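Q:
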Amino acid sequence: MRATIIERQLSFQALTNMSIRILGIESSCDETAAAVVADGREILSSVVASQIDIHRKYGGVVPELASREHLRQIVPVVREALAQAGLSFNDLDAIGVTEGPGLVGSLLVGIAYGKTLASALSKPLVPVNHLEGHVHAVFLEAHKSGKAPELPAICLIVSGGHTIIYEVKARDASAGNCAALFAYRKLGQTRDDAAGEAYDKVAKLLGLGYPGGPILDRLAAAAGNAPSPMQFGHIKIRGNPHDFSFSGIKTAVLYHSREHPEYAPEIRAREEAIERGERKLEQLLPLCSPATLGLVRDFQNAVVRDLVERTMSAADELSAASVIVSGGVAANSQLRATFVQRAAEEGLTAYFPSRPLSTDNAAMIAAAAYPRFRAGLLADHSLNASGSLPLA
Ligand code: KG4
Ligand code: ZN
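Each residue of the sequence shown is one higher than the one before, starting from 0 at the first, in numbering that gives the first Met the number 0.
Here you go:
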């Protein structure tokens, strides 16, 4: 019944040349986000309210504080997204909301709000897997360049909460198109820390604040030929070669810094600088010894090498047509450059979202909702948060 109504609506909109406008809502972790996307590919607005300042002093996301902040932000963020798009609630065709995975308390805020809005407006509600959102972040932008990733693709989703390799295939004829439904097969994942989590923990123990990825990225680029204070070997994995493990590398940095008390004064100096709000590269770089810079550079080399090699070996094994890299860590400059080079060596193209769409946002949720809306894959009032929702 619902599917028939959507079919009628779609043919009406096709006849009148009107686009399908979906409001996306994202609240799975520490970003409250809302966006309006037309036809799964044109971003009319995208608003992200980051909670980083709230969680910074704890060195990571505090779930209870995150849900409270989502509650405070959700209404103004959605209103702002509509205002920026120049639309009213009635102009929307559907509401897409992140169902999971993520922090349950945080997800529930977006879901409760999305359900209420859908019910009050009598609009369809589309449940979206956050990880599928990260995949669609790439397809969403592809229409601008006119070049979408070819399928089957190997997709690495690498963020503060996830490090997973998927095989992505087309489920219907519109393959590679932003209206396509994809099928996913998980090939491997981290057995302990996600790569972004390792960045955040190493940054914390070096007194570099939270989140750690962006500053470690910049310091590694500035390290030049600084001496290597410790050796990072290849990360060994028994069993599935497409799995990851980053806790050993983080612990190695921890032991190294404990065994060398000479790091303590500079760590304290950086912590004090961060507390004063001095988080820029030019403020922190003078507080880093050559040993710290060498350590950061070698840590990043080890993480990037591992992410790239395991992903490329999966691409090779499955004869993938392209490589997709998404999630917060996909913003890393060295990771991008290394993927571009390694993929080219294999005759493949590596695709990333632009940096604003690499980290959590709602445009990717609205984009992922579009093919689901077209296929009539809707939710009703029983929709609930699913903290560990698999991508299938
Ligand atoms: O996707 P995201 O915004 O949220 C999660 O779903 O986790 O990713 C946030 C993660 C953090 O761990 C952050 O340190 C990392 O992405 N990150 C980076 C960079 N920018 C963000 N890691 C390495 N290099 C970066 N440039
Ligand atoms: Zn994410």
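Ideal Cβ placement from N, Cα and C applies to all residues, glycine included.
Every value quoted in this text rests on a predicted model; they were computed, and no experiment measured them.
With three or more beta-carbon pairs closer than 8 Å as the criterion, would you say the region 206 to 224 touches the region 182 to 192?
A: As far as the Cβ criterion goes, the region 206 to 224 does not touch the region 182 to 192, which means the pair count is below three.
Q: Measuring alpha carbon to alpha carbon, tell me which of Leu22, Tyr57, Ser26 ends up nearest Tyr209.
A: Checked all of Leu22, Tyr57, Ser26; the closest Cα to Tyr209 is Tyr57.
Q: Please state if the CB of Gly326 and the CB of Gly99 are separated by a distance shorter than 9 Å.
A: Contact: no.
Q: What first and last residue would you give for the beta strand (DSSP E) that runs through Tyr165?
A: Looking at the DSSP string, the run of the beta strand (DSSP E) that includes Tyr165 is 162 to 169.
Q: Are the CB atoms of Leu292 and Ala222 nearer to each other than 9 Å?
A: Yes.
Q: Is the region 337 to 345 close to the region 22 to 40, with three or more CB pairs under 8 Å?
A: Verdict: no, contact absent.
Q: Less than 9 Å between the C-beta atoms of Pro62 and Leu102, yes or no?
A: Closer than 9 Å, so yes.
Q: Alpha carbon to alpha carbon, how far is Ser18 from Glu6? Give it in angstroms, no decimals.
A: Their backbone Cα atoms lie some 14 Å apart in a straight line.
Q: If you measure from the CB of Asp305, is any heavy atom of the ligand KG4 nearer than 8 Å?
A: Incorrect: Asp305 has no Cβ contact closer than 8 Å to the ligand KG4.
Q: Do you know how far the Cα of Leu376 is from the Cα of Leu388?
A: Near 16 Å, if we compare the C-alpha coordinates of Leu376 and Leu388.
Q: Per the contact definition of three or more C-beta pairs closer than 8 Å, is the region 135 to 142 in contact with the region 358 to 367?
A: Output reads yes: the region 135 to 142 touches the region 358 to 367.
Q: How would you call Ser44, buried or exposed, if buried means at least 16 neighbouring beta carbons within 10 angstroms?
A: Ser44 is buried by the Cβ-count criterion.
Q: Any heavy atom of the ligand KG4 closer than 8 Å to the CB of His69?
A: Outside the cutoff, so no.
Q: Going by DSSP, what residues sit across from Arg67 in a beta bridge?
A: Note: Arg67 sits in no beta bridge, so no partner.
Q: Whose C-beta lies closer than 7 Å to the C-beta of Pro126 among residues of the same chain, with five residues either side of it excluded?
A: Contacts found: Val96, Glu98, Ala378, Leu382.
Q: Just to confirm the assignment, what range does the alpha helix (DSSP H) spanning Asn300 have?
A: Run containing Asn300: 289 to 316, per the alpha helix (DSSP H) assignment.
Q: May I ask you to report which of helix, strand or coil DSSP gives Glu30?
A: Reduced to three states, the DSSP call for Glu30 is strand.
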